[in-house]
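Asks:
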Amino acid sequence: MSNLFNQSNPFALFKIWYDQAEKQEPSDPMAMSLATVNAAGQPSVRIVLMRQYDAEGFSFYTNYLSRKAADLSANAKAAINFYWKSTNRQVRAEGEIVKLSASESDDYFASRHSESQLGAWASQQSQNLESPQLLRDRLEEYRRDFAGKPIVRPPHWGGYKLVVNQIEFWQGQEHRLHDRELFIRTDNGWKSRILYP
């Protein structure tokens, strides 16, 4: 079967689509929905930012004490979805989550704005917050602690990668006759199939 979008490698196709979205998408093209499931089978979804991608999958960063991290600790299977309205395209992927190495997380953390670095220390993500002022106070406390010093990555913050086992590309068309192609990872590389809309 021929490839609907003329690419046999899904990540080569993703690069083409993502590069176009970067030029045309007025909102953040890195934004992706991340769906996780906890130990009780309860699904949860939120928007995160894709920070890197390679031939294995897509990476993002978060607080390791957050709800999403707890979900991923209980169940490493997850799914993501990109939607770019400007190009009328979606990319959906499923796979297993792995933690990035400490050095990878350190490198990305070092590239962040200092206020975002301090925020990673100050925020007890997903925990109850008595008042917004408490967060501001914590931020000031860490600003004083790190004054004149490099802001190191907190141990509770770092990266994950969704190692993709299947990925679907969706191009919207008139009258809902959309184009869809699904790539599935096999021991012999990627296999693709065209799907009905």
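Residues 335 to 531, numbered by this note's numbering, are exactly what the sequence shown covers, in order. Quick reminder that beta carbons are idealized off the backbone N, C-alpha and C, glycines included.
1. Could you name the residues of the same chain whose beta carbon sits closer than 7 angstroms to that of R477, not counting the 5 residues immediately before and after it, in chain order?
2. Just to confirm my understanding: we take S460, look at its own chain, exclude 5 residues before and 5 after, and list those with CB closer than 7 angstroms. What are they?
3. Classify Y398 as helix, strand or coil using the three-state DSSP reduction.
4. By DSSP, does Y476 sit in helix, in strand, or in coil?
5. Closest by CA to D441, which one among A369, D513, Q386?
6. Please report the Cβ distance between F392 and A427, rounded to the nearest whole angstrom; I am assuming they are in contact, meaning their Cβ atoms lie under 8 angstroms.
7. Under 8 angstroms, do R487 and F443 count as touching if we go by C-beta distance?
8. Could you check where the beta strand (DSSP E) with Q500 kicks off and where it finishes?
9. Judging by CA-CA distance, which residue of N397, A410, F416 is the nearest neighbour of H490?
10. Is S533 helix, strand or coil by DSSP?
11. Thinking just about the alpha-carbon of each residue, which of G493, E449, I518 is nearest to the one in L434?
12. Report yes if the C-beta distance between Q505 and N409 is below 8 angstroms; otherwise report no.
13. Between S457 and S450, what straight-line distance do the alpha-carbon atoms span, to the nearest angstrom?
14. Under 8 angstroms between the Cβ atoms of S361 and V379?
15. Quick check on the DSSP output: the alpha helix (DSSP H) that includes F443 runs from which residue to which?
16. In chain order, what residues of the same chain lie with their CB nearer than 6 angstroms to the CB of M364, ignoring the 5 residues before and after it?
17. Would you mind working out which of A413, L463, Y352 sits nearest L496, comparing C-alpha positions?
18. When the distance is taken between beta carbons, is F517 closer than 8 angstroms to P377?
19. Give the DSSP bridge partners of G523, in chain order.
20. Answer yes or no: do V425 and F348 have a C-beta to C-beta separation smaller than 8 angstroms?
Replies: According to the structure data:
1. Cβ within range, chain order: L452.
2. Excluding its 5 nearest sequence neighbours in each direction, S460 has C-beta neighbours in its own chain below 7 angstroms: S400, R401, listed in chain order.
3. Coil.
4. Judged by DSSP in its simplified three-state form, Y476 adopts helix.
5. Residue Q386 holds the alpha-carbon nearest to the alpha-carbon of D441 among A369, D513, Q386.
6. That belief holds up - the Cβ atoms of F392 and A427 are roughly 7 angstroms apart, short of 8 angstroms.
7. With contacts defined as CB atoms closer than 8 angstroms, R487 and F443 qualify as a contacting pair.
8. Taken as a continuous stretch (DSSP letters only), the beta strand (DSSP E) holding Q500 covers 491-505.
9. Checking every option, the nearest Cα to that of H490 belongs to N397.
10. Outside the displayed span of the chain (335 to 531) sits residue 533, for which this structure offers no information.
11. Selection G493, E449, I518 evaluated against L434 yields G493 as nearest (Cα-Cα).
12. In this structure, the beta-carbon distance from Q505 to N409 does not fall below 8 angstroms.
13. Spanning the two alpha carbons is a distance of roughly 10 angstroms.
14. Going by C-beta atoms, S361 is not nearer than 8 angstroms to V379.
15. Unbroken alpha helix (DSSP H) run through F443: 436-445.
16. Cβ contact annotation for M364 (same chain, cutoff 6 angstroms, sequence separation greater than five): L383, M384, in chain order.
17. Nearest C-alpha to L496: A413.
18. With respect to F517, P377 sits apart: the two C-beta atoms are not nearer than 8 angstroms.
19. DSSP, once it has assigned bridges, lists T520 as partnering G523.
20. Yes, these two residues count as a Cβ contact at 8 angstroms.
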